[in-house]
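*Asks:* In my numbering, the protein residues as written are 1 to 270. Starting off with a structure, shown below.
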């Protein structure tokens with residue numbers, strides 16, 4: 001726990017997380033406005049026109065989208081926090097001191113993983129409280145009630161927490177793989193933002209070549225897509241069931257955590 005507290009102190013005493021928190025807040029505002037429009041459009045009878053399936057064209061399913069607004073960019077921000085928790089050691093040349101103070105490198109990385117998960121939880125809690133307040137007001141104003149008693153909404157909130165925790169762990173894994181801070185941040189951000197669009201385009205082209213819409217469901221192997229699938233109610237020709245996204249994301253977390261420990265144990269620290 002002392003190691004975990006020290007990792008949290010390292011992040012808390014820098015201004016970086018404030019900027020990331022501000023970015024998360026702005027992303028919530030933008031995403032909530034879009035999801036509110038989707039809610040009104042979908043339940044207004046125009047679901048088919050915007051590609052929403054019948055299972056997703058319900059008040060609980062759309063309320064789940066409202067209550068998880070900002071997830072897409074929010075996950076990127078917590079991933080960057082996980083990356084900085086590792087790369088800061090090399091950028092500020094404190095890695096040698098850290099590993100001399102705690103020779104067991106596995107303990108150091110595990111403490112970073114635990115601290116990253118706690119930070120992910122705090123980001124989830126802050127963003128969810130904002131979404132709950134705004135969502136409850138919006139839904140009540142439109143005579144749908146809060147929908148918080150519905151299982152699709154509750155599941156989306158719980159699995160959104162899992163997504164935030166896992167993406168901070170993925171960030172730690174990326175930081176151990178690419179120790180150069182600028183290189184790790186740029187690579188991760190590009191893969192998350194642009195890579196997701198490229199993957200979607202590739203699967204779209206593949207589905208056209210094979211003349212099969214079912215191919216599009218395999219986009220779930222990309223972690224950013226898996227995160228979205230995990231909190232989505234129902235299935236469509238483009239997305240599999242929510243539990244598939246959950247399994248994919250958990251798999252990435254396990255691989256990332258184990259790889260982070262193994263790489264750090266074998267790396268020469270100068």
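All C-beta atoms, glycine included, are put in the ideal place defined by N, C-alpha and C.
1. How should residue 83 be labelled, buried or exposed, when 16 other C-beta atoms within 10 angstroms of its C-beta is the threshold for buried?
2. Would you call residue 180 buried or exposed, if buried means 16 or more other Cβ atoms sit within 10 Å of its Cβ?
3. Are the CB atoms of residue 251 and residue 172 within a distance shorter than 8 Å?
4. In this structure, how does DSSP classify residue 148 when only helix, strand and coil are distinguished?
5. Measuring alpha carbon to alpha carbon, tell me which residue in 223, 55, 266, 135 is nearest residue 170.
6. Assuming the contact rule is C-beta atoms closer than 8 Å, residue 139 and residue 147 should be a hit. Round their C-beta distance to whole Å, please.
7. Let me know the secondary structure DSSP gives residue 71 once reduced to three states.
8. Cα separation between residue 202 and residue 161?
9. Who are the Cβ neighbours of residue 253 in its own chain at under 7 Å, not counting the five residues just before and after it?
10. So, at 7 Å on beta carbons, what are the nonlocal neighbours of residue 130 in its own chain, with the 5 sequence-adjacent residues on each side left out?
11. Kindly list the residues whose CB is nearer than 8 Å to the CB of residue 79, restricted to its own chain and excluding five residues on each side of it in sequence; keep chain order.
12. Helix, strand or coil, according to DSSP, for residue 15 in the structure here?
13. How big is the Cα-Cα spacing for residue 30 and residue 135?
14. The alpha helix (DSSP H) spanning residue 208 covers which residue range?
15. Straight-line CA distance for residue 220 to residue 214?
16. Go through its chain and collect everything with a Cβ distance to residue 120's Cβ below 7 Å, but skip five positions before and after it.
17. Under 8 Å, do residue 38 and residue 65 count as touching if we go by C-beta distance?
18. Put residue 253 into one of helix, strand or coil per three-state DSSP.
19. In angstroms with no decimal places, state the Cα-to-Cα distance between residue 25 and residue 60.
20. Grab me the residues of residue 204's own chain with a C-beta within less than 8 Å of its C-beta, minus the 5 sequence neighbours each way, in chain order.
21. Does the separation of the CB atoms of residue 218 and residue 232 fall below 8 Å?
22. If we call anything under 8 Å between Cβ atoms a contact, is residue 62 one with residue 42?
23. Note down, in chain order, each residue of its chain lying with its Cβ closer than 6 Å to the Cβ of residue 10, except the 5 sequence neighbours on either side.
24. If you run the structure through DSSP and keep just helix, strand and coil, what is residue 178?
25. Helix, strand or coil: how does DSSP classify residue 63 here?
26. Going by DSSP in three states, residue 219 sits in which element: helix, strand or coil?
*Replies:* Per the coordinate set shown:
1. buried
2. exposed
3. no
4. coil
5. 223
6. 6 Å
7. helix
8. 29 Å
9. 166, 169, 170
10. 28
11. 167, 168, 170, 171, 174, 188, 192
12. coil
13. 13 Å
14. 181-210
15. 12 Å
16. 78, 164, 165, 167, 168
17. yes
18. helix
19. 24 Å
20. 216
21. no
22. yes
23. none
24. coil
25. helix
26. helix
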